[in-house]
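Numbering (our numbering), first residue to last: 758 to 922.
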């Protein structure tokens, strides 16, 4: 049995799994997780890039985009993901863009406004930074940063419904 069976399910089908089926799903998911967080010595597929090349690509991208923090250059801090999902096709999950990628940590200095470190995702095949993950592992996309107005509103005690009266 593989995880592919579960990927093809609708939300309703997934929610209707029996306890035994759900336990099977959790077991398969647990077995699959290590593919996404391999340390250098655990990589089981051939890679296009060397760890040193990955760090250089990340540093160049970091510098060109004037990002906060410092790229961690310790090779031991790299993670390799044999099946990173770059894009999800909700109409046909078989069409998801899944390929090998490296995770490079960017260390941030202590700051009350910036939270913890983030990661740059370097596509092994494309030899380029293809995205970023926040500290929680969520993709960061352009345009989801707060504007000054957003921050001002969040920090105030205003009620959004007051504007409509």
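No residue lacks a Cβ here, since even glycine has one placed at the ideal position from N, Cα and C.
message: Contact defined as beta carbons within less than 8 Å: I believe residue 832 pairs with residue 866. What is the distance between those atoms, to the nearest angstrom?
response: So it is not a contact: roughly 22 Å between Cβ atoms.
query: Do the segment 829-845 and the segment 766-783 touch if we need at least three Cβ pairs shorter than 8 Å?
result: The segment 829-845 makes no contact with the segment 766-783, as fewer than three CB pairs between them are under 8 Å.
- request: Pick out whichever of 881, 847, 860, 826 has its Cα sitting closest to the Cα of residue 896.
  value: Selected option, being the one with the closest Cα: 860.
field: residue 890 versus 849, 864, 776, residue with shortest Cα-Cα distance
entry: Residue 864 is the option with its Cα nearest to residue 890.
query: In angstroms, rounded to a whole number, what distance separates the CA positions of residue 781 and residue 850?
result: Straight-line Cα distance between these residues: approximately 21 Å.
message: Taking the beta carbon of residue 783 as the centre, do at least 16 other beta carbons fall within 10 Å, making it buried, or is it exposed?
response: The residue in question, residue 783, is exposed, as its Cβ has fewer than 16 Cβ neighbours within 10 Å.
message: Starting from residue 772, trace the alpha helix (DSSP H) in both directions and tell me its first and last residue.
response: Run containing residue 772: 768-772, per the alpha helix (DSSP H) assignment.
field: Beta-bridge pairing of residue 844 - partner residues as DSSP gives them
entry: Looking at the DSSP assignment, residue 844 forms a beta bridge with 854.
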